[in-house]
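> Chains as they are written, first to last, in this note's numbering: chain G, 752 to 911; chain A, 752 to 911. Every residue, glycine too, gets a C-beta built ideally from N, C-alpha and C. Handing you this structure, nothing more for now.
2 protein chains.
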Amino acid sequence: MSAALDRRARNGEGSAKPVNFGPLANWIGFNLRMAQEATFQAFSRLSLEIGENPGRFATLTLIGRNPGISQTELSHANGRDKSSLTPVVEDLVRRGLVQRKRLSSDRRTYRLSLTTDGKKVLTQLTRCARRHERNLDRIIGLRDRKRFLQILKKISAEVE
Amino acid sequence: MSAALDRRARNGEGSAKPVNFGPLANWIGFNLRMAQEATFQAFSRLSLEIGENPGRFATLTLIGRNPGISQTELSHANGRDKSSLTPVVEDLVRRGLVQRKRLSSDRRTYRLSLTTDGKKVLTQLTRCARRHERNLDRIIGLRDRKRFLQILKKISAEVE
DNA sequence: AAAGTATAGTTTGATACCAAACTAAAATGG
DNA sequence: CCATTTTAGTTTGGTATCAAACTATACTTT
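See below:
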């Protein structure tokens with residue numbers, strides 16, 4: 752993250768004691784974490800402007816794109832445990848953004864879909880996310896973007 | 752011949768009914784999160800083999816490389832809030848891996864350093880991390896590794 | 001059709017984290 | 001000097017998450 756840099760910047764006039772990161776400086780795992788947390792914080796700020804939570808964004812998008820999806824399918828797609836989804840869906844339903852229906856053919860599963868209000872909120876969130884992505888694009892550069900994205904996907908898919 | 756068996760067979764290792772990711776598929780933020788969580792899980796498994804917590808690794812490395820570092824400096828370098836560090840340091844001290852000393856010149860700050868045991872555990876953890884990094888290198892490919900790392904650092908440093 | 005097994009979702013208990021309020025010590029400046 | 005502000009670390013309160021145990025329903029096997 753930029754905390755260390757911030758600090759150095761704040762201290763100004765070179766009086767800052769630089770931190771030795773040792774092997775961490777060169778390791779993918781550590782830098783992946785720092786980058787992920789920085790982008791999460793940034794998106795958090797943006798989505799807070801419209802009174803929403805960044806965690807809701809992927810959830811709403813996935814429901815919007817897959818009407819009738821079940822909670823378990825959704826949790827897998829979103830990379831979260833199904834139990835984490837229970838309170839999230841509860842909240843979205845309570846706020847009238849998501850609708851859940853029991854299937855008569857299988858009364859265990861719910862089918863999730865967006866309400867009209869849910870679609871509106873998703874539109875706002877998507878605008879937010881596009882702004883965020885443009886920032887990231889500016890940092891990464893268009894030349895490297897595609898390759899960078901490919902590598903991220905490859906890591907998700909292949910890391911044991 | 753049963754639908755359930757068919758489904759199970761098809762689902763095989765986590766591959767479920769195809770989900771439409773919509774714009775998420777192309778967005779850096781989402782894929783960064785997924786990749787980060789995948790690598791974290793993988794390293795978690797590795798470090799659990801030696802009975803350690805992945806979160807401890809960066810902490811021990813930073814203390815080892817910067818003997819006498821304060822908790823605030825450490826938390827910044829590690830990208831965590833200083834309050835998150837309190838229980839971590841407590842645990843490391845209790846287990847005899849880290850030593851904290853008050854400064855007589857400034858009795859607010861602690862100076863942290865590794866004990867002999869702490870150095871031993873760090874050596875083990877580092878071996879673990881090297882194994883993990885080799886896996887990631889295999890996935891990313893040596894040709895792209897350097898550029899990939901640069902971009903991660905750039906994101907950490909520059910995202911608003 | 002009854003017994004056993006698998007699946008969808010919820011509950012519970014634990015962990016890691018952050019942000020804000022707090023305490024103690026040090027620095028500032030009037 | 002004393003009052004104010006800043007700094008280092010802790011405490012408190014709240015959120016997000018996972019994993020395992022649980023409930024209800026559906027499926028399989030005999």
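Buried or exposed: which applies to Ala828/A, given that a residue is buried once 16 or more other Cβ atoms fall within 10 Å of its Cβ?
Buried: at least 16 other Cβ atoms inside 10 Å.
> Among Ser855/A, Tyr861/A, Lys870/A, Leu854/A, which one has its Cα closest to the Cα of Leu836/A?
The residue with the shortest Cα to Cα distance from Leu836/A is Tyr861/A.
> Is the shortest distance between the beta-carbon of Ile801/A and the beta-carbons of chain G less than 7 Å?
It does not: the Cβ of Ile801/A has no partner Cβ on chain G nearer than 7 Å.
> Residues of the region 769-785 of chain G with a CB closer than 9 Å to any CB of chain A: list them in chain order, please.
Here the close residues are Val770, Asn771, Phe772, Gly773, Pro774, Leu775, Ala776, Asn777, Trp778, Ile779, Gly780, Phe781, Asn782, Leu783, Arg784, Met785.
> Cα-Cα, which of Arg878/G, Arg881/G, Val844/G, Gln792/G is closest to Ser864/G?
Nearest option by C-alpha distance: Val844/G.
> State buried or exposed for Thr790/G, treating a residue as buried only when at least 16 other CB atoms are found within 10 Å of its CB.
So Thr790/G ends up on the buried side.
> With H, G and I counted as helix, E and B as strand and the rest as coil, what does DSSP make of Ser907/A?
In this structure, Ser907/A counts as helix in the three-state DSSP scheme.
> So is Gln787/G buried or exposed if we call it buried at 16+ other beta carbons inside 10 Å?
So Gln787/G counts as buried.
> Sorted by chain position, which residues of the same chain lie with C-beta nearer than 7 Å to Thr812/A's C-beta, five sequence neighbours on each side aside?
Correct list, in chain order: Leu873.
> Just list the residues that DSSP pairs Ser856/A with in beta bridges.
Looking at the DSSP assignment, Ser856/A forms no beta bridge with any residue, so it has no partner.
> Pull the bridge partners of Leu865/G from the DSSP assignment, please.
Val849/G, per the DSSP bridge assignment.
> Return the CA-CA distance between Asp832/A and Phe781/G, expressed in angstroms with no decimal places.
Cα to Cα, the separation comes out at about 16 Å.
> Among Arg889/A, Ser856/A, Pro818/A, Cys879/A, which residue has its Cα nearest to the Cα of Ser795/A?
If we check each option's Cα against that of Ser795/A, Cys879/A comes out closest.
> Tell me where the alpha helix (DSSP H) around Arg831/G begins and ends.
Taken as a continuous stretch (DSSP letters only), Arg831/G belongs to no alpha helix (DSSP H), as it is neither H nor E.
> Does DSSP put Ile890/G in a helix, a strand or coil?
In this structure, Ile890/G counts as helix in the three-state DSSP scheme.
> Note down, in chain order, all residues in the region 803-818 of chain A with a beta-carbon under 8 Å from any beta-carbon belonging to chain G.
Correct list: Ala809, Thr812, Leu813, Gly815, Arg816, Asn817.
> What in chain A is Cβ-close to Leu900/G, meaning under 8 Å?
Within chain A, the residues near Leu900/G are Asn777, Ile779, Asn782.
> Return helix, strand or coil for Ile779/G, following the three-state DSSP convention.
Correct three-state label for Ile779/G: helix.
> Sorted by chain position, which residues of the same chain lie with C-beta nearer than 6 Å to Gly869/G's C-beta, five sequence neighbours on each side aside?
Once the five neighbours on either side are set aside, the close Cβ partners of Gly869/G are Leu848, Val849.
> Could you tell me how far apart the beta carbons of Ile890/G and Val910/A are, in whole angstroms, since I believe they sit closer than 8 Å?
That belief holds up - the Cβ atoms of Ile890/G and Val910/A are roughly 7 Å apart, short of 8 Å.
> Considering only the alpha carbon of each residue, which of Ala809/G, Arg885/G, Met785/G, Gln875/G lies closest to Glu800/G?
Looking at the Cα atoms, Gln875/G is the closest of the given residues.
> Please report whether the beta-carbon of Leu869/A lies at a distance below 7 Å from any beta-carbon of chain G.
The sequence as given places Gly at residue 869/A; Leu does not occur at that position. By this cut-off, Gly869/A is not an interface position.
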